[in-house]
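Chemist: Quick one: the structure is below, and I'll ask about it shortly.
2 protein chains.
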Amino acid sequence: MNALIVYAHPEPQSFNAALRDAAVDVLEKQGHAVEVSDLYAMDFKPVVDRRDFLTCHDAEHFNVSLEQRQALAHGGLAADIASELDRLQRADLLILQFPLWWFGMPAILKGWIDRVFVSGAVYGRSAMFERGKLLGKRALVCVTTGAPVQAFGPDALNGTILDLLAPLHRGVLAFTGMTVLPPYVAYHVPYAGAEGRAAMLLDYRAHLQGLDAMAPLPMPRLADHPALLEGGKRPRAQ
Amino acid sequence: MNALIVYAHPEPQSFNAALRDAAVDVLEKQGHAVEVSDLYAMDFKPVVDRRDFLTCHDAEHFNVSLEQRQALAHGGLAADIASELDRLQRADLLILQFPLWWFGMPAILKGWIDRVFVSGAVYGRSAMFERGKLLGKRALVCVTTGAPVQAFGPDALNGTILDLLAPLHRGVLAFTGMTVLPPYVAYHVPYAGAEGRAAMLLDYRAHLQGLDAMAPLPMPRLADHPALLEGGKRPRAQ
Numbered sequence: 000m001n002a003l004i005v006y007a008h009p010e011p012q013s014f015n016a017a018l019r020d021a022a023v024d025v026l027e028k029q030g031h032a033v034e035v036s037d038l039y040a041m042d043f044k045p046v047v048d049r050r051d052f053l054t055c056h057d058a059e060h061f062n063v064s065l066e067q068r069q070a071l072a073h074g075g076l077a078a079d080i081a082s083e084l085d086r087l088q089r090a091d092l093l094i095l096q097f098p099l100w101w102f103g104m105p106a107i108l109k110g111w112i113d114r115v116f117v118s119g120a121v122y123g124r125s126a127m128f129e130r131g132k133l134l135g136k137r138a139l140v141c142v143t144t145g146a147p148v149q150a151f152g153p154d155a156l157n158g159t160i161l162d163l164l165a166p167l168h169r170g171v172l173a174f175t176g177m178t179v180l181p182p183y184v185a186y187h188v189p190y191a192g193a194e195g196r197a198a199m200l201l202d203y204r205a206h207l208q209g210l211d212a213m214a215p216l217p218m219p220r221l222a223d224h225p226a227l228l229e230g231g232k233r234p235r236a237q
Numbered sequence: 000m001n002a003l004i005v006y007a008h009p010e011p012q013s014f015n016a017a018l019r020d021a022a023v024d025v026l027e028k029q030g031h032a033v034e035v036s037d038l039y040a041m042d043f044k045p046v047v048d049r050r051d052f053l054t055c056h057d058a059e060h061f062n063v064s065l066e067q068r069q070a071l072a073h074g075g076l077a078a079d080i081a082s083e084l085d086r087l088q089r090a091d092l093l094i095l096q097f098p099l100w101w102f103g104m105p106a107i108l109k110g111w112i113d114r115v116f117v118s119g120a121v122y123g124r125s126a127m128f129e130r131g132k133l134l135g136k137r138a139l140v141c142v143t144t145g146a147p148v149q150a151f152g153p154d155a156l157n158g159t160i161l162d163l164l165a166p167l168h169r170g171v172l173a174f175t176g177m178t179v180l181p182p183y184v185a186y187h188v189p190y191a192g193a194e195g196r197a198a199m200l201l202d203y204r205a206h207l208q209g210l211d212a213m214a215p216l217p218m219p220r221l222a223d224h225p226a227l228l229e230g231g232k233r234p235r236a237q
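Top to bottom, those sequences are chains A and B.
For the first sequence, numbering that gives the first Met the number 0 puts the final residue at 237, and the numbers step up evenly by one.
For the second sequence, numbering that gives the first Met the number 0 puts the final residue at 237, and the numbers step up evenly by one.
See the structure below:
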């Protein structure tokens, strides 16, 4: 199995880096090939713009998904996008490793999705959810929080972690056809202490060792929404 | 009243730009002062890193919120962050104008939040929600979608738009104390046609003209979660 870990943290000594390294170790010991995209180390460009494309579909009006389709069809994707898309396409398992910043991904990781999840390559017209082009791949989110576990839950201040991650789980990973595995959440990291962090690393290793037995998160199916198939409307062309 | 519109779209002729201009016009006609942060035109840097700070709290381990607090206390914020933070702090109304990309904000806008929502300036220890430092400000999200309105809803493929926007509404805007007004959503923009777009612009103008009469979205209160106040835990220090 090929695994891709996309890691987004500015501090090489961070606990996020330790979680990344634990995942590399567990997966390699299982005999898998692991690639890591360290977005900060790569100085990854997160902003979608015309520099993303060597081709040009419309010089007057910049429409992201139409430019993506033109570039995809004519080898016009910028080198960094093409390289990351290759990694994504050959991965059987995608792990997104990041700290929860403002209830979401750091901008550099959101930009990896905005730029690498190319229209026509990972989704298209009616190619979403169980028809998505990344069907058959599995995806796992591993996130750290500064807030304590009791800040998350149905009646807690921040709501449930699954609700916070729903736009990513449902709108990115399941949307493109991936099977979404339960996330691993390391809570209250800045206050966990050395023992707490060591325990979480062991817990994450066990989580990864149990992936094959893990029930994926329930996700919607396009087939249950036939009205959306008529016309084959395409998302994010605005 | 001072209004700040933060606008994030790569195409100057986009419908997002038309919505931005409609808001400027409505608010100025009401006698308000309006500032616009056009993140693409500014070539805004969305990635949090050490270049954000002229000061240094810890040269060995980069902790974003601790560096933010150090910089805030000693005039060490990078010029672009300080300038945007000034705009945010003098705004009575914040409007975020963006296309829904992958069920969320474009990376350049997420990065504006990651960098400008400085620890100690917009939130701190127990300064969240009704104790947040942006208390008294109102916030409005105006978003465009490529998907049709029937793709959104409790039983729809994409879920409800309020669920998709919850991390932003609750985790960013309400978290810092802002009153969150109902969003304006322009659906199916690429397929709306000239008449449909003109109708949405009028609809948005009416939405803005009705702001003062509009009931804000219900948000949690820190006072209802007293356990979190003990110790005054601080978010996103990981």
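Each residue gets a CB set at the ideal place from its N, CA and C atoms; glycine is no exception.
In this text, all values refer to a predicted model and were calculated from it rather than measured experimentally.
Counting only C-beta atoms, is Glu194(A) closer than 8 Å to chain B at any point?
Modeler: False, the Cβ-Cβ gap to chain B never drops below 8 Å.
Chemist: Out of Asp79(A), Glu59(A) and Tyr39(A), which one is the CA nearest neighbour of Arg50(A)?
Modeler: Nearest option by C-alpha distance: Asp79(A).
Chemist: Indicate whether the contact test is met: 3 or more Cβ pairs, each with one atom in the region 81–91 of chain A and one in the region 24–42 of chain A, closer than 8 Å.
Modeler: Touching, yes.
Chemist: Are at least three pairs of beta-carbons, each pair with one atom in the region 60–76 of chain B and one in the region 211–218 of chain A, less than 8 Å apart?
Modeler: Not touching, per the Cβ criterion.
Chemist: Rounding to the nearest angstrom, what Cα-Cα distance links Arg19(B) and Val23(A) in this structure?
Modeler: Cα to Cα, Arg19(B) sits roughly 45 Å from Val23(A).
Chemist: Quick one: residues in its chain with C-beta nearer than 8 Å to the C-beta of Pro219(A), no 5 flanking neighbours on either side, listed in chain order?
Modeler: Result list for Pro219(A): Phe128, Arg169 and Ala173, in chain order.
Chemist: Residues of chain A with CB closer than 9 Å to the CB of Phe116(B), please, in chain order.
Modeler: Neighbours of Phe116(B) on chain A, chain order: Trp101.
Chemist: Is it the case that the Cβ atoms of Arg89(A) and Asn15(A) are separated by a distance below 8 Å?
Modeler: No. Outside cutoff.
Chemist: Can you pull the chain B residues whose beta carbon is under 8 Å from the beta carbon of Arg50(A), in chain order?
Modeler: Within chain B, no residue comes near Arg50(A); the closest Cβ sits about 10 Å away, beyond 8 Å.
Chemist: Along chain A, which residues have their Cβ under 8 Å away from the Cβ of Leu133(B)?
Modeler: Per Cβ cutoff of 8 Å: no residues; Leu133(B) is ~13 Å from chain A at best.
Chemist: Is it true that the CB of Thr143(B) sits closer than 8 Å to the CB of Ala185(B)?
Modeler: Contact flag set, yes.
Chemist: Quick check on the burial criterion: 16 or more other C-beta atoms within 10 angstroms. Buried or exposed for Ala32(A)?
Modeler: Ala32(A) comes out exposed.
Chemist: Sort out for me which residues DSSP pairs Trp100(B) with in a bridge.
Modeler: Per DSSP, Gly103(B).
Chemist: If you measure from the beta carbon of Gly119(A) to each beta carbon in chain B, is any gap under 8 Å?
Modeler: With 8 Å as the cut-off, Gly119(A) does not count as an interface residue toward chain B.
Chemist: Using beta carbons (cut-off 8 Å, strictly below), is Phe61(A) in contact with chain B?
Modeler: It does; some Cβ of chain B falls within 8 Å.
Chemist: Our contact map puts Leu71(B) next to Gly119(B) with C-beta atoms below 8 Å; I'd like the distance itself, whole angstroms only.
Modeler: Rounded, the Cβ-Cβ distance is 5 Å, consistent with contact.
Chemist: Starting from Leu139(B), follow the beta strand (DSSP E) in both directions and report where the run begins and ends.
Modeler: Leu139(B) -> beta strand (DSSP E) spans Arg137 to Thr143.
Chemist: Would you give the residue range spanned by the beta strand (DSSP E) that Glu34(B) belongs to?
Modeler: Its beta strand (DSSP E) spans residues Ala32 to Asp37.
Chemist: Quick one: which chain A residues come within Cβ less than 7 Å of His206(B)?
Modeler: Ordered by position in chain A, no residue passes the 7 Å Cβ test against His206(B), which lies about 18 Å from the chain.
Chemist: According to DSSP, simplified to helix, strand and coil, what is Leu95(A)?
Modeler: It is a strand residue.
Chemist: What are the residues of the region 144–163 of chain A that lie near chain B, defined by any Cβ-Cβ distance shorter than 8 Å?
Modeler: Residues passing the 8 Å Cβ filter: Thr144, Gly145, Ala146, Pro147, Gln149, Ala150, Ala155, Leu156, Asn157, Gly158, Asp162 and Leu163.
Chemist: Locate the beta strand (DSSP E) running through Tyr183(B), then write down its first and last residues.
Modeler: Counting along the chain, the beta strand (DSSP E) containing Tyr183(B) begins and ends at Tyr183 to Ala185.
Chemist: Spatial neighbours of Leu26(A) within its chain, please: C-beta separation below 6 Å, excluding the five flanking residues on both sides.
Modeler: Hits under 6 Å: Ala2 and Val33.
Chemist: Using only the alpha-carbon positions, how far apart do Pro234(B) and His56(A) sit?
Modeler: Low per-residue confidence applies at Pro234(B): pLDDT is 44, beneath 50, and the placement is therefore not dependable enough to give any value.
Chemist: Which residues share a DSSP beta bridge with Asn1(B)?
Modeler: Note: Asn1(B) sits in a beta bridge opposite Ala32(B).
Chemist: With 8 Å set as the bound, which would you pick, yes or no: does the beta-carbon of Ile112(B) sit closer than that to a beta-carbon of chain A?
Modeler: By this cut-off, Ile112(B) is an interface position.
Chemist: Compute the distance between the beta-carbons of Val140(B) and Leu161(B), then report whether it is under 8 Å.
Modeler: Result no, Cβ atoms of Val140(B) and Leu161(B) do not sit closer than 8 Å.
Chemist: So Leu221(B) and Arg130(B) are supposed to be a Cβ contact under 8 Å. How far apart are they, rounded?
Modeler: Contact holds; Cβ gap of about 6 Å.
Chemist: Please list, in chain order, the chain A residues whose beta carbon lies closer than 7 Å to that of Gly88(B).
Modeler: The question names Gly, but residue 88(B) is Gln in the sequence shown. Result: empty, since nearest Cβ-Cβ is about 18 Å, beyond 7 Å.
Chemist: Which word fits Val148(A), buried or exposed, when buried means at least 16 other C-beta atoms lie within 10 angstroms of its C-beta?
Modeler: Per the 10 Å Cβ criterion, exposed.
Chemist: Using a beta-carbon distance cut-off of less than 8 Å, what residues from the region 14–45 of chain A approach chain B?
Modeler: Flagged, chain order: Phe14, Asn15, Tyr39 and Pro45.
Chemist: Could you check where the alpha helix (DSSP H) with Leu71(B) kicks off and where it finishes?
Modeler: From DSSP, the alpha helix (DSSP H) with Leu71(B) extends over Val63 to Ala72.
Chemist: Kindly list the residues whose CB is nearer than 7 Å to the CB of Ala306(B), restricted to its own chain and excluding five residues on each side of it in sequence; keep chain order.
Modeler: Coverage of chain B is limited to positions 0 through 237, which leaves residue 306(B) absent and any answer about it impossible.
Chemist: Have a look at Gln12(B) and Val117(B) and give me their C-alpha separation to the nearest angstrom.
Modeler: C-alpha separation (whole angstroms): 32 Å.
Chemist: Going by C-alpha distance, which of Pro189(B), Val171(B) and Pro225(B) is nearest Lys132(B)?
Modeler: Out of Pro189(B), Val171(B) and Pro225(B), Val171(B) has the C-alpha closest to the C-alpha of Lys132(B).
Chemist: On the DSSP bridge assignment, give the partners of Val148(A) in chain order.
Modeler: Val148(A) is not bridged to any residue.
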